[in-house]
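This report refers to the structure that appears directly beneath it.
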Amino acid sequence: MDGVPRVPEQRRAGSCAEPAPLSFGVLGPVRARRGTEQLSTGSPQQRALLAALLLREGRTATAGELIDAVWGEEPPSQALAALRTYASRLRKVLDPGVLVSESGGYAVRGLAEGALDLTVAQDLATEAEKAKSAGDLFQARELLGRALALWDGEVLAGVPGPYAEAQRVRLEEWRLQLLESRLDMDLEQGCHAEAVSELTALTAAHPLRERLRELLMLALYRSGRQAEALAVYADTRRLLADELGVDPRPGLRELQQRILRADPGLAEPQSPQAEPAAAPVRPAQLPATVPDFTGRAAFVQELGEVLSSAEGRVMAVSAVAGIGGVGKTTLAVHVAHQARTAFPDGQLYVDLQGAGARAAEPETVLGSFLRALGTADSAIPDSLEERAALYRSVLDGRRVLVLLDNARDAAQVRPLLPGTEGCAALVTSRVRMVDLAGAHLVDLDVMSPDEALSLFTKIVGEERVASEREAALDVVAACGFLPLAIRIAASRLAARRTWTVSVLAAKLADERRRLDELQAGDLAVKATFELGYGALEPAQARAFRLLGLADGPDISLAAAAAVLDLPAEETEDLLEALVDTSLLESAAPGRYRYHDLVRLYARACAERDEWPPSVGAPPTPFGQWGSDAAMSRLLDFYLATTAGVYLIERPGDRLVDHLAAPEYQGLTFADRHQAQDWLYSEAVCLLACVRQSAGSGSLRRAVDLLWAAVDLAESGTNSKAYEGVASALRQAAREAGDTRAEARALITLGYAHSVTGRFDLADEEAALAHELIGAAPDPLADCWASNILGVIALYQSRHDDGETHINRAIEGFRACDDRAGEAAVLCNLSRIHLATGRTDSAVSLARQGMEMYDAMGHALKGANGRYALGLALTEHGELPEAAARLQEALTVFRDSRQRLWEGMSLFRLAEVDLAAGRPAQAAANAESALTVLRGIGGDWRRAGVLVTLGHGLSGIGQSGRAQVCWREALELFEALGAPEAETVRPLLTPLTLA
332 MDGVPRVPEQ RRAGSCAEPA PLSFGVLGPV RARRGTEQLS TGSPQQRALL
382 AALLLREGRT ATAGELIDAV WGEEPPSQAL AALRTYASRL RKVLDPGVLV
432 SESGGYAVRG LAEGALDLTV AQDLATEAEK AKSAGDLFQA RELLGRALAL
482 WDGEVLAGVP GPYAEAQRVR LEEWRLQLLE SRLDMDLEQG CHAEAVSELT
532 ALTAAHPLRE RLRELLMLAL YRSGRQAEAL AVYADTRRLL ADELGVDPRP
582 GLRELQQRIL RADPGLAEPQ SPQAEPAAAP VRPAQLPATV PDFTGRAAFV
632 QELGEVLSSA EGRVMAVSAV AGIGGVGKTT LAVHVAHQAR TAFPDGQLYV
682 DLQGAGARAA EPETVLGSFL RALGTADSAI PDSLEERAAL YRSVLDGRRV
732 LVLLDNARDA AQVRPLLPGT EGCAALVTSR VRMVDLAGAH LVDLDVMSPD
782 EALSLFTKIV GEERVASERE AALDVVAACG FLPLAIRIAA SRLAARRTWT
832 VSVLAAKLAD ERRRLDELQA GDLAVKATFE LGYGALEPAQ ARAFRLLGLA
882 DGPDISLAAA AAVLDLPAEE TEDLLEALVD TSLLESAAPG RYRYHDLVRL
932 YARACAERDE WPPSVGAPPT PFGQWGSDAA MSRLLDFYLA TTAGVYLIER
982 PGDRLVDHLA APEYQGLTFA DRHQAQDWLY SEAVCLLACV RQSAGSGSLR
1032 RAVDLLWAAV DLAESGTNSK AYEGVASALR QAAREAGDTR AEARALITLG
1082 YAHSVTGRFD LADEEAALAH ELIGAAPDPL ADCWASNILG VIALYQSRHD
1132 DGETHINRAI EGFRACDDRA GEAAVLCNLS RIHLATGRTD SAVSLARQGM
1182 EMYDAMGHAL KGANGRYALG LALTEHGELP EAAARLQEAL TVFRDSRQRL
1232 WEGMSLFRLA EVDLAAGRPA QAAANAESAL TVLRGIGGDW RRAGVLVTLG
1282 HGLSGIGQSG RAQVCWREAL ELFEALGAPE AETVRPLLTP LTLA
């Protein structure tokens, strides 16, 4: 940024503001606009004159200076006359008073603020420097990004003359400085994986620029690619020696040595400031504190003192333990809010669901925390250890309070602790964490009678309690002085103005013996919930117990309506009533959840209170009785809605016709984007319902729901969960002896394995499915099994077997009149023809499949057709069309959130780039593919991308790094026993092989 001449802000003279002010561009072709109207700037020499004046910072340029600028040392004989002609023409185009004559020369004056793109870029760069100095890297990066976006190709494009050439060089150098500064901040913010692709392309375009090489080494090292980082140094040293006869500069050599030593300092973002850069987002995740918080003064003071001591200590940790309902969360949230000012860099909160059957996984929580702290998804590693290390690095030097609510045990908590000075953690749990080293332990008991009465009074009202103090004491005593029980009882009384406190006390009197018998633990909590449940209206009580049956973390209003078999409006009224009684929580608009202990109690109520009516009994006003009926409706709702989503994405596909017919209707959607939003937002709850419905009565519908939700297998985010549910269904079907259900479950499992790259397992599952279908005919399922077998055979280079399976699938889909299925296998057959050298027929088959998809209106599957056609066209040498088809596919896959196919499309575009002689772009696309495919696709696909990346790197002179990529690819292929290993081995030098 330094050394760039400033163009001062120039404002229009006079008091009348023009409705359409002039603006100019020099960071690209020289342009002039009036508002949105493009103005003619004339011949190249006339544009050269305008550019020279715009870049003079509003100062007058003499005629001689301008002649030198436009024509250099050999101007034409009529240069001065030509100059005056150009000036006259420009005056006619521009506003009066803008181009002025002065002292035998010319100047541009009176421009509005921001009229010149270069001035805007300079202002943005200055503001970025200020933001960086203030520690706000997020703002600095955003400002530099806006500045860099102002460049539009070559500076002063097409403008002749020595002055323009000098300005081009100078401004290109400045652009690179800005870019390096922004990339440096990218790395400080943890965006290593994203930066690698961009830096790879930049080092190819500017091979002798050592700062870019240094940033690339650092980005690779922080992405876990140490060997490639060292290879970049080797490539750089060789290039500098060959081209310039010099060694790398000291900074680059020092970085190489630090990488060799695995210097721990390289793993953390380095900041030049005394204080660390502020987070892009200062999280403020604490739940709202209750307005009627009561008592606990000693605990509030004790915990507050521990948290306030966080500054200067390695870490302050307080662990609050107690039975469910004793007020651990309420106390912790209240204390955390009081301590907020001591933690200016933010507060993180998570419910670890430790009391439930499926406690939150630490790696999932860390991913959420890292995103809340501003870390890009692509920069979040996969393993628990790497996420924990990055989490501690991001928190280093910052003062953040972490509230870990409802922890299962110390093992769940340890990876989530900040571990750095100035931070603090507050933990709540039902167990005492004596094995949490260094923690300040607090055991929270029930309230004192005075505190309990005070809480009851705040909720019910002083006027009602004052006249019945003894009855109120009876109520809180019957509640066992447990805050949650008191809140439930008081809320019910507050909602019933005709009740007196004595009436409530009398109702609780019958429960006193039970409460006295339940000495400790969850049974006491269950007794307190009985108080609130017993006061519910019949419809509310039914909703409470039935909604607790679903395994998902929460439930949508539409799904709840299905469970209850009621209209959405009536369902919402019931749910909001339950929220008012504190028996249900509103997780978000239209979504509801139970506290984990309340859910357990609701299920106990369902077991106790849901039974079928006796013979001859009058029908219930709520439809079917029983828990099984409620869960059956929920399964039907998900099946019907998911089948609708499948059909919107794949019009004409016959799969939906072969699924079990749900009796309960699902949702409908206006377009595929709305449908996809629903599918991905409901993924966790949907898969939980599938797993929960593996019983004999609903097994087939559960399997069909999983089959219809096949998009979740390809999404990356839900792929692992999808595979786990498919495996559970396969086992359930086998135990139930249901051959049809087992075959379909095997198809979903085989497909899931193919997505994750475990081709041997996928082949086994699909083969077994095909065998089972022979005993229990299921024509469409057999088509899918044959297609999976054919694709796996293709991946494993068993082309004859693959063609046999694919041809069988084609015949089957045609027999089922499933044109969408036929189109899919035609595209797969195209790939087999391609692999066996039949390029012409491969192009024809892929084009036929794509056209069939297009005729049916398939956007998503049409992208698969374009992908197959792009592959065939690449091999056929029709590279422009291949790139166009693959780019179309990439756009749809990104829009549809199909990470696997997004990554594979980037990979195939890289292959097109290589074939077209664009190694730098090939390397950039391959790097992007690796980033997208992280955690999905498997080792075979990763190895293929690495081979292409190596070719791209080799083509831009980074042979050392290319060798690293090829060596990793060879190791992956050899571990898989893949024949591709033999094509990679010759690429490696003897030293690399050794």
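Numbering (my numbering), first residue to last: 332 to 1325. Cβ coordinates follow ideal geometry from the N, Cα and C atoms, glycine included.
Supposed contact pair residue j and residue i - C-beta distance, whole angstroms, cut 8 Å
{"i": "TYR1198", "j": "LEU1217", "result": "7 Å"}
{"i": "LEU551", "j": "LEU543", "result": "So it is not a contact: roughly 13 Å between Cβ atoms."}
{"i": "GLU1045", "j": "GLN1229", "result": "5 Å"}
{"i": "LEU1077", "j": "ARG1061", "result": "6 Å"}
{"i": "ARG1101", "j": "ALA1083", "result": "According to the sequence as given, residue 1101 is His; it is not Arg. Their Cβ separation, rounded to whole angstroms, is 17 Å, which puts HIS1101 and ALA1083 out of contact at 8 Å."}
{"i": "HIS523", "j": "ALA710", "result": "6 Å"}
{"i": "LEU683", "j": "VAL664", "result": "With a Cβ gap of about 15 Å, LEU683 and VAL664 do not count as contacting."}
{"i": "ILE1141", "j": "VAL1122", "result": "Actually they are not in contact, since the Cβ atoms of ILE1141 and VAL1122 sit about 13 Å apart, beyond 8 Å."}
Own chain, CB closer than 6 Å to residue i, minus 5 neighbours either side, in chain order
{"i": "ALA1255", "result": "SER528, THR531, ALA532"}
{"i": "GLU1096", "result": "LEU1077, LEU1080, GLY1081"}
{"i": "SER1024", "result": "LEU966, ALA1033"}
{"i": "LEU1318", "result": "TRP1297"}
{"i": "LEU1120", "result": "ALA1097, HIS1136"}
{"i": "ARG969", "result": "Here residue 969 turns out to be Tyr, not Arg, going by the sequence shown. Hits under 6 Å: LEU1017, CYS1020, LEU1036."}
{"i": "ALA1251", "result": "ALA532, ALA535, ILE1287"}
{"i": "LEU1368", "result": "Here the chain covers residues 332 to 1325 and nothing more, so residue 1368 does not appear."}
Proximity below 7 Å, CB of residue i to CB of residue j
{"i": "LEU895", "j": "ALA874", "result": "yes"}
{"i": "GLY626", "j": "GLU782", "result": "yes"}
{"i": "ALA394", "j": "LEU411", "result": "yes"}
{"i": "ASP454", "j": "LEU353", "result": "no"}
{"i": "ARG763", "j": "ALA652", "result": "yes"}
{"i": "PHE1144", "j": "GLY1133", "result": "no"}
{"i": "THR1222", "j": "ALA1213", "result": "no"}
{"i": "ASP885", "j": "ARG930", "result": "no"}
{"i": "VAL731", "j": "ALA738", "result": "no"}
{"i": "ALA742", "j": "VAL791", "result": "no"}
{"i": "ALA667", "j": "LEU757", "result": "yes"}
{"i": "PRO375", "j": "PRO493", "result": "no"}
{"i": "VAL777", "j": "ALA802", "result": "no"}
{"i": "SER639", "j": "ALA673", "result": "yes"}
{"i": "ALA383", "j": "VAL357", "result": "no"}
{"i": "LYS789", "j": "ASP623", "result": "yes"}
For residue i, the three-state DSSP class (helix, strand or coil)
{"i": "VAL657", "result": "coil"}
{"i": "GLU405", "result": "coil"}
{"i": "ASP426", "result": "coil"}
{"i": "VAL527", "result": "helix"}
{"i": "TYR925", "result": "coil"}
{"i": "GLY582", "result": "helix"}
{"i": "TYR437", "result": "strand"}
{"i": "PHE355", "result": "strand"}
Through-space distance from residue j to residue i, alpha-carbon basis
{"i": "SER434", "j": "GLN409", "result": "20 Å"}
{"i": "ASP578", "j": "ARG592", "result": "21 Å"}
{"i": "LEU1036", "j": "THR1070", "result": "17 Å"}
{"i": "GLY1168", "j": "ALA1203", "result": "10 Å"}
{"i": "SER958", "j": "ALA919", "result": "26 Å"}
{"i": "GLY366", "j": "THR1320", "result": "60 Å"}
{"i": "SER945", "j": "ARG939", "result": "In this prediction, SER945 has a pLDDT of 44, which is less than 50 and means its spatial position is unreliable; what the coordinates show is noted afterwards. Using only the alpha carbons, I get a separation of about 16 Å."}
{"i": "ALA1177", "j": "GLY476", "result": "40 Å"}
{"i": "PRO746", "j": "MET1187", "result": "50 Å"}
{"i": "TYR1011", "j": "ALA1040", "result": "10 Å"}
{"i": "VAL361", "j": "GLU485", "result": "10 Å"}
{"i": "LEU575", "j": "SER1128", "result": "47 Å"}
Cβ shell of residue i (< 8 Å), same chain only, five flanking positions each side left out
{"i": "ALA1006", "result": "GLY975, VAL976, ILE979, GLU980, PHE1000"}
{"i": "PRO780", "result": "LEU804, VAL807, ALA808, PHE812"}
Chain-order list of residues whose beta-carbon lies under 7 Å from that of residue i (same chain, five-residue window excluded)
{"i": "ALA1257", "result": "PHE1238, ALA1241, VAL1276, THR1279, LEU1280, GLY1283"}
{"i": "ALA908", "result": "GLN871"}
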